[in-house]
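Novice:
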Amino acid sequence: SLTQRLTGLFSRLTGGAGRLTEDSVKEAVREVKRALLEADVSLEVARTFTDAVKEKAVGREGMEGVTHAQQFVKIVHDELQALMGGETKGIEFDVSGTTVIMMVGLQGSGKTTTCGKLALWLRRKHKKSPMLVAADIQRPAAIEQLKVLGKSLDVPVHFEEGGRPPRICARAVEQARKQGSDVVILDTAGRLHIDEPLMEELAAVKREAKPHLVYLVADAMTGQDAVKSSAAFHERLGLSGVILTKLDGDARGGAALSIRQVTGCPVIFVGVGEKLDALDLFHPERMAGRILG
Amino acid sequence: IVKGRKLDEELLEEIEETLLRADVGVATSARLIDELREAGKRGEVREGEQVLPFLKSHLAERLAAGRIVFAPEKPTVILIVGVNGSGKTTSIAKLAGWLRERGKTVVLGAGDTFRAAAVEQLTIWSKRLGIEIVKQDTGADPAAVAFDAADAAVSRGADVLIVDTAGRLHTQEHLMRELEKIRRVLGKRIPGAPHETLLVLDATTGQNAVQQARRFHEATPVTGIILAKLDGTARGGAVLSIKDELDLPVKFVGVGEKLPDIEVFDPVAYVEALFS
Ligand SMILES: Nc1nc2c(ncn2[C@@H]2O[C@H](COP(=O)(O)OP(=O)(O)OP(=O)(O)O)[C@@H](O)[C@H]2O)c(=O)[nH]1
Ligand SMILES: Nc1nc2c(ncn2[C@@H]2O[C@H](COP(=O)(O)OP(=O)(O)OP(=O)(O)O)[C@@H](O)[C@H]2O)c(=O)[nH]1
Ligand SMILES: [Mg+2]
Ligand SMILES: [Mg+2]
Chain A
66 SLTQRLTGLF SRLTGGAGRL TEDSVKEAVR EVKRALLEAD VSLEVARTFT
116 DAVKEKAVGR EGMEGVTHAQ QFVKIVHDEL QALMGGETKG IEFDVSGTTV
166 IMMVGLQGSG KTTTCGKLAL WLRRKHKKSP MLVAADIQRP AAIEQLKVLG
216 KSLDVPVHFE EGGRPPRICA RAVEQARKQG SDVVILDTAG RLHIDEPLME
266 ELAAVKREAK PHLVYLVADA MTGQDAVKSS AAFHERLGLS GVILTKLDGD
316 ARGGAALSIR QVTGCPVIFV GVGEKLDALD LFHPERMAGR ILG
Chain B
20 IVKGRKLDEE LLEEIEETLL RADVGVATSA RLIDELREAG KRGEVREGEQ
70 VLPFLKSHLA ERLAAGRIVF APEKPTVILI VGVNGSGKTT SIAKLAGWLR
120 ERGKTVVLGA GDTFRAAAVE QLTIWSKRLG IEIVKQDTGA DPAAVAFDAA
170 DAAVSRGADV LIVDTAGRLH TQEHLMRELE KIRRVLGKRI PGAPHETLLV
220 LDATTGQNAV QQARRFHEAT PVTGIILAKL DGTARGGAVL SIKDELDLPV
270 KFVGVGEKLP DIEVFDPVAY VEALFS
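If you're matching them up, the sequences are chains A and B in order.
Mapped onto my numbering, the consecutive letters of the first sequence carry residue numbers 66 to 358.
Mapped onto my numbering, the consecutive letters of the second sequence carry residue numbers 20 to 295.
1) Suppose you measure from the CA of residue 209/B to the CA of residue 125/B; what does that come to, to the nearest Å?
2) Between residue 139/B and chain A, is any beta-carbon pair separated by less than 7 Å?
3) In its own chain, which residues sit with a C-beta less than 8 Å from the C-beta of residue 117/A, not counting the 5 before and 5 after it?
4) Per the contact definition of three or more C-beta pairs closer than 8 Å, is the stretch 248-264 of chain A in contact with the stretch 167-179 of chain A?
5) Does the stretch 144-158 of chain A come close enough to the stretch 349-356 of chain A that 3 or more CB-CB pairs lie under 8 Å?
6) Count the other CB atoms within 10 Å of the CB of residue 103/A; is the residue buried (16 or more) or exposed (fewer)?
7) Answer with buried or exposed for residue 227/A, where buried requires no fewer than 16 other C-beta atoms within 10 angstroms of its C-beta.
8) How about residue 109/B: is its Cβ closer than 6 Å to a heavy atom in ligand 2?
9) Can you give the Cα-Cα distance for residue 207/B and residue 231/B, rounded to whole angstroms?
10) Let me know the secondary structure DSSP gives residue 236/B once reduced to three states.
11) Note down, in chain order, all residues in the stretch 159-184 of chain A with a beta-carbon under 7 Å from any beta-carbon belonging to chain B.
12) For residue 58/B, collect the residues of the same chain with a Cβ closer than 6 Å to its Cβ; drop the 5 residues on either side in sequence, then sort them by chain order.
13) Taking 5 Å as the limit, name every residue whose beta carbon sits nearer than that to some heavy atom of ligand 3, in sequence order.
14) Go ahead and pull the three-state DSSP assignment for residue 110/A.
15) Kindly confirm or deny that the stretch 188-204 of chain B and the stretch 311-331 of chain A touch, where touching means at least three C-beta pairs closer than 8 Å.
16) Give the interface partners of residue 181/B over in chain A, defined as CB-CB distance under 7 Å, in chain order.
17) Within 7 Å (strictly less), CB to CB, does residue 64/B reach chain A?
18) I need the straight-line Cα distance from residue 214/A to residue 180/A, nearest angstrom please.
19) With distance defined between alpha-carbon atoms, name the residue in 286/A, 303/A, 300/A and 324/A nearest to residue 42/B.
20) Just checking: is the beta-carbon of residue 70/A within a distance shorter than 7 Å of some beta-carbon in chain B?
21) Going by DSSP in three states, residue 98/B sits in which element: helix, strand or coil?
22) With which residues is residue 223/A paired in a DSSP beta bridge?
23) Please work out which residues of its chain come closer than 7 Å, Cβ to Cβ, to residue 140/A, disregarding the five sequence neighbours upstream and downstream, and give them in chain order.
24) For ligand 6, I want to know if residue 145/B counts as a neighbour, meaning its beta carbon is within less than 6 Å of at least one of the ligand's heavy atoms.
25) Kindly say whether residue 210/A, judged by its beta-carbon, lies nearer than 7 Å to any beta-carbon of chain B.
26) From the DSSP output, in three-state form, read off residue 281/A for me.
27) What do you reckon, are the CB atoms on residue 279/A and residue 302/A nearer than 7 Å?
28) Which ranges would you report for the alpha helix (DSSP H) in the stretch 143-213 of chain B if only whole runs of at least 4 residues count?
29) For the stretch 305-339 of chain A, which residues have a beta carbon sitting closer than 8 Å to at least one beta carbon of chain B?
30) Using the C-alpha atoms, what's the distance from residue 221/A back to residue 262/A?
31) Starting from residue 252/B, trace the beta strand (DSSP E) in both directions and tell me its first and last residue.
32) At the level of alpha carbons, what is the spacing between residue 19/A and residue 154/A?
33) Which stretch, first to last residue, makes up the alpha helix (DSSP H) that contains residue 181/A?
34) If contacts are defined as beta-carbon pairs under 8 Å, then residue 106/A and residue 298/A qualify, I think. What distance do you get, rounded to the angstrom?
35) Taking only three categories from DSSP, how would you classify residue 26/B?
36) Give me whichever residues DSSP pairs with residue 334/A in a beta bridge.
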């Protein structure tokens, strides 16, 4: 583990005495950078992070009863946790009217499933009457997939036979207001951030449906590409937050740090399984521990 | 980036960054850079101009492509596995189309009996392809569907049977055992089946891809990889570590969401794209 590697390193370099020297910190920071890269944190973010740690660590007075390694690991942990942001409170609602939530992301990240999970969460935790909107008209049986989820939750699903996503979503929001659904969740088709026409389509959905919240649904096992794709979605749409899925696997999840650094957006929820109740609030200190290994 | 430069530590660092950004991983990138440095010391690579060609051919050799190996007696059974959302079902449709273009008759087995509308999704593809699909309702035993599909493929005299499975994380023990069971059942009905077990990896996945390959390979000996979503900006560099460690070759790449968007793996083109 990283802590073990750092312990070995510090005892070799400093014999445990005095301040954290520039040389010992330099080597320790290299270990941390390596651990972050192995955890899929982006190269740039790993660099920025380790530079910040180096600055905080060098010259720090040795503490009573704490080894250099322990002290250094604490600095790293605290810095990582601070970056991941504070505890999330989930979704904040403006009490009046219909809240529209738009779900976006790359292909296969877990959007449709997460739409179902969010509907259940909103009903259970916030006593909302959600409506699901099937705005993916291109993937075979995507509408059917959302209808099956809606049926299992007894949540209404707005879908249309023809039409394009922007108008479908706008009509769904009108319909929601009429029938008293106070949260509308828009399931959009997965797409590449470099697909200009499809990114424009998302921008059009945003213009027509006017969502209060835009969530990026991202796969926890994403590697270096997390920076590119999340930056593009953020630039195009202005994200409110991120939902990190498939955290029930053993991916270290460094993408969480990369996305946070690059977009400034908080991770709000995490997906921890395929069932519709497998949605948790994001816990920054748990994520920090997972990334550092 | 390399004109008129010598093979020095600065250049090596730049190349290492390119590899890391492509998800090649820390250890594998470091080893490749060491090999490059050694080649420099031996005089095999002197000028900066020689570096990229050397590295590219070195990498392309390591990534030697795999091809589908057809069984001596039809049907050849291909089992498709991988984690959730990696691109299995779509890759099956594309692979079926690719095989049909080469004169093979294909039957599909709707082995994902778990996820909402999974059977419907593959059924739509089978209709678009005009090929037969063997399926049961969602909730059925996937091994039973696999058995039925194998049976149907034999009695139809089909050349190839492709069996879809539900996405599963390699950390889910009971689901990995389910996969072993599907494989055993296929082998019982058709000796030697599955003749190919292709792991579908999402090119955007980082180092976890290596762990996925290890665990899936333990459960059902994988014979090749389909690297999907290579039309994005991710390069799926984990396939280098996977080839080094497990000797699993990439056989196909997915380059889009439509039927024609599948290509036989070309290591030279792949490595070119890594450094472009
Ligand atoms: N284990 C696990 N699987 C998940 C999680 N979230 C989603 N999945 C699975 O991931 C796969 C893809 O989920 P979808 O909801 O279809 O993904 P999507 O983003 O809507 O896909 P596209 O619409 O094609 O872009 C399915 O097999 C889901 O069951 C999660 O948190 N954990
Ligand atoms: N751009 C792009 N998208 C792809 C590619 N392959 C698959 N997809 C998309 O990825 C998403 C998931 O594909 P599926 O075929 O449903 O993936 P799966 O592995 O069967 O998913 P589960 O069965 O839920 O585990 C869909 O939106 C596909 O269109 C590819 O090569 N390129
Ligand atoms: Mg979807
Ligand atoms: Mg599938």
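C-beta: ideal position from N, C-alpha, C; glycine also.
Keep in mind that this is a model prediction, so the values were computed, not measured.
Specialist: In this structure, then:
1) 16 Å
2) yes
3) 144
4) yes
5) Output reads yes: the stretch 144-158 of chain A touches the stretch 349-356 of chain A.
6) buried
7) exposed
8) yes
9) 26 Å
10) helix
11) 171, 172, 173, 174 and 175
12) The answer, listed in chain order, is 64.
13) 176/A and 177/A
14) helix
15) The answer is yes - the stretch 311-331 of chain A touches the stretch 188-204 of chain B, with three or more Cβ pairs under 8 Å.
16) Here the premise fails: no neighbours, minimum Cβ distance about 16 Å.
17) Closer than 7 Å: no.
18) 9 Å
19) It is 286/A.
20) So no, residue 70/A is outside the interface.
21) strand
22) 198/A
23) Correct list, in chain order: 118, 121 and 122.
24) As far as ligands go, the structure on display features ligand 1, ligand 2, ligand 3 and ligand 4 and does not contain ligand 6.
25) yes
26) strand
27) yes
28) 161-175 and 192-208
29) Residues are counted here when their Cβ sits less than 8 Å from a Cβ of chain B; for the stretch 305-339 of chain A these are 311, 313, 314, 315, 316, 317, 319, 320 and 339, given in chain order.
30) 30 Å
31) Counting along the chain, residue 252/B falls outside any beta strand (DSSP E), and DSSP gives it neither H nor E.
32) In this structure chain A extends from 66 to 358, so residue 19/A is not present and cannot be described.
33) 176-191
34) Not quite, the Cβ-Cβ distance comes to about 19 Å (not below 8 Å), so this is no contact.
35) coil
36) Under the DSSP definition of a beta bridge, residue 334/A partners with 308/A and 346/A.
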